[in-house]
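Asks:
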Amino acid sequence: MKKLKYALFTGCTAKQSTPEQMMSTLAVAKKLGIELVELTEASCCGASHLQDYDEFLSLVLNARNIAYAEKHGLTMVTICNTCQLNTAMTKHKLDNDEALKAKVNEKLAEVGLEYKGTSQVTHFLYAIIDDFGLDAIKELVVTPLSQFNIAPFYGCHNIRPSELQNETHKSPESAYRPTSLDDLIVACGGESVDYEEKNKCCGFHVELQAPKTAAILTGNAIAGAMDADADWMVTPCPLCHLKLDTQTHHASEAIGRDVKLPVLHMQQMLGLALGCSSDELGLKHHVAKVDFI
């Protein structure tokens with residue numbers, strides 16, 4: 020099998036608020052023999068907030084980030100759903116609008132860069148599934164997660180909008196019935212838990228504008244997983260992880276019942292199955308204690 024190599028766009032969160040996600044990404048990549056070239060020059064994607072304030076600036080920033088991946092001649096992989104959305108949407112717009120692309124490149128030329136559209140953009144979850152392969156993952160599992168009922172939480176931005184699905188991974192999935200994270204759980208030997216809230220919003224992006232609504236969304240997600248007898252939750256998004264892992268007090272108050280479950284990053288779950296240690300995966304960094312290892 021040809022060795023896989025990607026340009027890694029870490030985003031902000033994995034380097035600051037969720038360092039365990041960065042740790043586990045590197046640990047899993049090492050186990051799988053995947054080479055990750057970190058784009059240290061890259062900037063914030065705008066987090067879906069800059070886009071509301073200055074859409075053109077957000078396009079320039081994200082095109083700049085992609086241009087760094089293009090300089091390496093590599094596909095860009097993201098490890099944050101919101102980074103994935105903003106980067107993929109930028110690529111989609113520029114690749115389908117030559118005038119807009121030229122306008123963006125006028126600004127990039129000021130820093131010696133050019134967006135060409137030669138690098139693909141995908142989330143690490145889809146890189147693992149599409150490029151490495153679930154069958155190959157199954158062969159490398161040394162610690163099957165067979166004793167766990169695991170609730171997948173997809174988050175909004177990896178599976179929406181639907182028109183980006185064909186452009187970001189080889190096996191497009193429905194926003195209404197996503198399967199990628201479920202399939203990875205099964206590949207790791209776990210039991211995938213089906214529940215209504217698994218493809219709903221965690222509330223992160225309305226936290227400042229409507230904190231009560233955000234807390235209800237968080238609470239409903241955890242409660243849904245608990246009611247489906249999940250032992251823990253797993254998500255490919257660090258922003259979803261922050262809400263589900265750190266906001267259980269507010270979520271419990273908002274929905275009128277105590278809710279709390281361990282929440283793992285997708286890379287941590289995969290790392291456990293591949294035999295990575297707790298320290299390698301940063302499992303001590305969680306607020307909702309991970310006490311089943």
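Quick note: the sequence shown, position 57, residue 76 per the numbering used here, numbers continuous. Cβ atoms here follow ideal geometry from the backbone N, Cα and C, with glycine treated the same way. All values derive from a computational prediction rather than experimental measurement.
Only counting the same chain, and skipping five residues up and downstream in sequence, which positions put a Cβ closer than 8 Å to that of residue 245?
Replies: Once the five neighbours on either side are set aside, the close Cβ partners of residue 245 are 278, 280.
Asks: Determine the DSSP secondary structure at residue 161, reduced to helix, strand or coil.
Replies: In this structure, residue 161 counts as coil in the three-state DSSP scheme.
Asks: Decide yes or no for the touch test of the region 121-128 against the region 196-203: beta carbon pairs closer than 8 Å, at least 3 of them.
Replies: Too few Cβ pairs lie closer than 8 Å, so no.
Asks: Hey, residue 58 and residue 82: beta-carbon distance below 9 Å or not?
Replies: Not in contact: residue 58 and residue 82 (Cβ atoms no closer than 9 Å).
Asks: So residue 24 packs on residue 52, CB below 8 Å; how close in whole Å?
Replies: That belief does not hold up - the Cβ atoms of residue 24 and residue 52 are roughly 10 Å apart, past 8 Å.
Asks: Taking contact to mean at least 3 C-beta pairs separated by less than 8 Å, is the region 34-43 in contact with the region 63-77?
Replies: The answer is no - the region 63-77 does not touch the region 34-43, with fewer than three Cβ pairs under 8 Å.
Asks: Out of 273, 275, 297, which has the shortest C-alpha to C-alpha gap to residue 283?
Replies: Of the candidates 273, 275, 297, the one whose C-alpha sits nearest the C-alpha of residue 283 is 297.
Asks: Counting Cβ pairs closer than 8 Å, one from the region 219-234 and one from the region 179-198, do we hit at least three?
Replies: In short, these stretches do not touch, since the Cβ pair count stays below three.
Asks: With three or more beta-carbon pairs closer than 8 Å as the criterion, would you say the region 214-227 touches the region 253-264?
Replies: Output reads yes: the region 253-264 touches the region 214-227.
Asks: Looking only at its own chain, which residues have a Cβ that is under 8 Å from the Cβ of residue 311, when we skip the five neighbours before and after it?
Replies: Cβ within range, chain order: 167, 250, 251, 281.
Asks: Thinking residue 136 and residue 114 are a contact (beta carbons under 8 Å), I'd like their distance in whole angstroms, please.
Replies: At roughly 5 Å, the Cβ-Cβ gap stays under 8 Å, so residue 136 and residue 114 are in contact.
Asks: What is the rounded straight-line gap between the Cα of residue 130 and the Cα of residue 64?
Replies: Going by the C-alpha atoms only, they are around 18 Å apart.
Asks: Closest to residue 174 by C-alpha separation, out of 148, 144, 84, 29, would be which residue?
Replies: Nearest C-alpha to residue 174: 144.
Asks: In chain order, what residues of the same chain lie with their CB nearer than 8 Å to the CB of residue 178, ignoring the 5 residues before and after it?
Replies: Taken in chain order, the residues that qualify are 184, 192, 193, 194, 197, 218.
Asks: Among the candidates 68, 307, 186, whose CA atom is the shortest distance from the CA of residue 138?
Replies: Per the Cα distances, 186.
Asks: Can you tell me whether residue 305 is helix, strand or coil according to DSSP?
Replies: Residue state, collapsed to three classes: coil.
Asks: Distance check for residue 212 and residue 36, CA to CA, integer angstroms please.
Replies: Taking the straight line joining both Cα atoms gives about 27 Å.
Asks: For residue 94, which residues from the same chain have a beta carbon less than 8 Å from its beta carbon, with the 5 sequence-adjacent residues on both sides left out?
Replies: So the qualifying residues of the chain are 25, 26, 88, 138, 139, 140, 141, 146.
Asks: Please report how far the alpha carbon of residue 300 lies from the alpha carbon of residue 228, in whole angstroms.
Replies: When rounded, the distance between both Cα atoms is 33 Å.
Asks: Please specify which runs of the alpha helix (DSSP H), each continuous and at least 4 residues long, are wholly inside the region 58-118, giving them in chain order.
Replies: Fully enclosed alpha helix (DSSP H) runs of 4 or longer: 69-72, 74-91, 100-114.
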